[in-house]
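Since the structure comes first, as structure tokens, the remarks are kept for the end.
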Amino acid sequence: MKYFGLLWAGLMRKKVRTTLTLLSIVLAFVLFGVLRSVADAFNAGVEIAGVDRLIVTDKYSIINMMPFGYLGRIEQIPGVTRVAHSTWFGGTYIDSKNFFPKFPLDAQRYLDLYPEYVLPDAQRKAFADNRQGAVAGRELADRFGWKIGDRIPIQADIWPMKDGSIAWEFDLVGIYTNSSASGPANEFWFDYDYFDEARAFAKGQVGWFIVQLAEPAQAEQVAKAIDAQFANSDSETKTSTERDFALMFAKQIGDIGLIMTGILGAVFFTIILLTGNTMAQAIRERIPELAVLKTLGFTNTSVLGLVLAESVLLTLFGALLGLALSVLLIGALSSALQAVVPGVAISWFNLAGGVGLALLLGIAVGLFPALTAMRLNIVDALRA
Amino acid sequence: MNEQQTLVSLRRVSKEYSRGKLKVKVLDNLDMDIAKASFLALMGPSGSGKSTLLNLIGGLDQPTQGDIIFEGKNISSMSSSALAHWRSHHVGFIFQFYNLLPVLTAERNVELPLLLTRLSRAERKRHVATALEVVALSDRAGHRPNELSGGEQQRVAIARALVSDASLLICDEPTGDLDRQTADEILGLLARLHQDHGKTIVMVTHDPLAAEFASDRLHLDKGTLSAEVAA
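Going down the list, the protein sequences come from chains A and B.
Our numbering numbers the first residue of the first sequence as 1 and each following residue consecutively.
Our numbering numbers the first residue of the second sequence as 1001 and each following residue consecutively.
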């Protein structure tokens, strides 16, 4: 701490230059915070995917439906303990900005397969008893201010009703939570039987099956057995692990992680060049001053440490400001982002990663000037 | 000169510089003793090797050949970090152009050598206040170098040289950038430090009037001590 004044004074030597450099670092870390959070939100499904669950979809496209009757046949395959099903409903709640996933499903089967989703028994019973009943995740209910007993209107875009109407209505009978710390609770579920009876076409069809395994190690063997069961049928299947399915789903839009890493790589490469040049220039201007420090008894190593510390102080200060701004920005834009990428939030892991990156950046941009300062010959440098 | 009274001894010291393929001998086989609590003026024409000799005595440079003994320790064979450590404990430097850090106040400039010690902040502050009092600059402690006159800046530099209680003060043309009156004030201050505080001072100067303040004067010419005049 006793050197802080000296380091700060060094940075404040050219206030405009330091401020501009700092702003570029702040901007880079705002981008880091926001883009990493968006990438994480895209990959959230992948991260929380169960290791003991398989997903069975149509062999050629996830938009093709499969017969509901497959469920019983899959249950008979050795190594399978439970099977549930789900279907993509699409649809719009009031405005197209209000995106959230909506699934007609068999609640009993689904909740048994996903023990992390917690729904109180009374609400579970109410869901089973009310054919037009629906259950929403806690985050979703909070987002729209829903409470139990509310009537939720959904405009269909894929599934019209058999009377031609696209106005589906549901009674909110339950709100579930997700006991997994990183998992979302933002889905909207309603009864498959009601959906199947009311929809205009594709009756007796479902979107995909979720299969629970007795042993995760048997995943490949069971997947092959399921696909073999339906080979050469009208609806051949493709069975993958839940993680691969989530990854494939996320990659429908593109490899978000790779795109974000590419953007951040370009930004930080530019920052290294920019800040590195600034630091090198700042040290060149201060050669006689560094020689004075050496004259007074600062060792080569301590001068190296001072220059590196100055560089790290600059990047760390910029990173902390940038990360703080990214937290505020994500908070401010969360409702707008919710429609595109639900669940965007900056994680402690990303904040810690940002601080680590700032330290590395500080060392990278300060190392060359620090080595120059360390190697200064006092007599020559005093004459400079 | 009595061995016990000697602070610094130079024995057969030579210094060569390489300029391309050319070797230039600046100091040649020089022997010299500097007594404790003496005030020595080193004089000589430009290029005579005065500054080189000063740098060697102050541990800023090392001889090509020969030994420099400070209180029985051979500093010419010390590593760069040991020499830095030695300088921080034993030597104070005063330069012609003051060499203060422009971004720091007078107080913070004087504090610099103390950052290398284990003194607490309060103790450092107390030492700095004492040093600034000795050079009669307490009222300018919060000013930056560009807010001080040349004489005041040099007094800050003297306070910085004194603050860690160095026994040897190395002064390289300390009045070269000052008018006569200010120069005399600075030289008077150095003489007082020598007389009242027992500091050993080695001063390079071109100015014969400045040399008058010293107790001993040595003339250096072409790398050789050519004359010694007792005060």
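Where a beta carbon is used, it is the ideal one built from N, C-alpha and C, also for glycine.
Check	Outcome
Sub-7 Å separation of residue 1153 (chain B) and residue 1098 (chain B) beta-carbons	yes
Inter-residue spacing [alpha-carbon to alpha-carbon] between residue 88 (chain A) and residue 61 (chain A)	13 Å
Entirely enclosed alpha helix (DSSP H) segments - the segment 191-279 of chain A, minimum 4 residues	192-198, 219-229 and 242-250
C-alpha gap between residue 12 (chain A) and residue 18 (chain A), whole angstroms	7 Å
Given 8 Å, three or more beta-carbon pairs between the segment 303-311 of chain A and the segment 1109-1117 of chain B	no
Whole-Å CB distance - residue 56 (chain A) paired with residue 239 (chain A), under 8 Å assumed	5 Å
Chain-order list of residues whose beta-carbon lies under 7 Å from that of residue 283 (chain A) (same chain, five-residue window excluded)	307, 369, 372 and 373
Integer-rounded CB distance, given that residue 1155 (chain B) should sit under 8 Å from residue 1135 (chain B)	4 Å
The segment 1077-1085 of chain B / the segment 1028-1043 of chain B touching (three or more Cβ pairs under 8 Å)	no
Per-residue DSSP class, three states only, for residue 350 (chain A)	helix
Reduced DSSP secondary structure (H/G/I, E/B, other) of residue 1 (chain A)	coil
Nearest-angstrom beta carbon gap, residue 101 (chain A) and residue 169 (chain A) [assumed within contact, 8 Å]	18 Å between Cβ atoms; not a contact.
Alpha helix (DSSP H) segments (min. 4 residues) lying fully within the segment 1066-1139 of chain B	1080-1090, 1106-1111 and 1121-1134
For residue 65 (chain A), the three-state DSSP class (helix, strand or coil)	coil
Contacts around residue 189 (chain A), its chain only, beta-carbon distance under 6 Å, and the 5 residues preceding and following it disregarded	103, 105 and 135
Beta-carbon proximity of residue 229 (chain A) to residue 65 (chain A), cut-off 7 Å	no
Contact under 7 Å by Cβ, residue 257 (chain A) with residue 32 (chain A)	no
Buried versus exposed call for residue 16 (chain A) [16 or more other C-beta atoms within 10 Å across all chains shown]	exposed
Chain-ordered chain B contacts of residue 372 (chain A) [CB-CB under 7 Å]	None at all; the shortest Cβ gap to chain B is about 16 Å.
Exposure label - residue 1070 (chain B); buried when at least 16 CB within 10 Å	buried
Distance CB(residue 1168 (chain B))-CB(residue 1090 (chain B)) smaller than 7 Å	yes
Cβ-Cβ distance between residue 25 (chain A) and residue 318 (chain A) below 7 Å	yes
Within-7 Å CB hit, residue 1055 (chain B) to chain A	yes
Same chain only: Cβ atoms within 8 Å of residue 1231 (chain B), ignoring 5 sequence neighbours per side	For residue 1231 (chain B), the predicted structure reports a pLDDT of 40, less than 50, and the residue's modelled location is therefore unreliable. The matter cannot be settled from this model.
Outcome for residue 366 (chain A) when other beta-carbon atoms lying within 10 angstroms are tallied against a minimum of 16	buried
C-alpha gap between residue 1015 (chain B) and residue 1058 (chain B), whole angstroms	14 Å
Identity of the residues DSSP links to residue 169 (chain A) by a beta bridge	A:153
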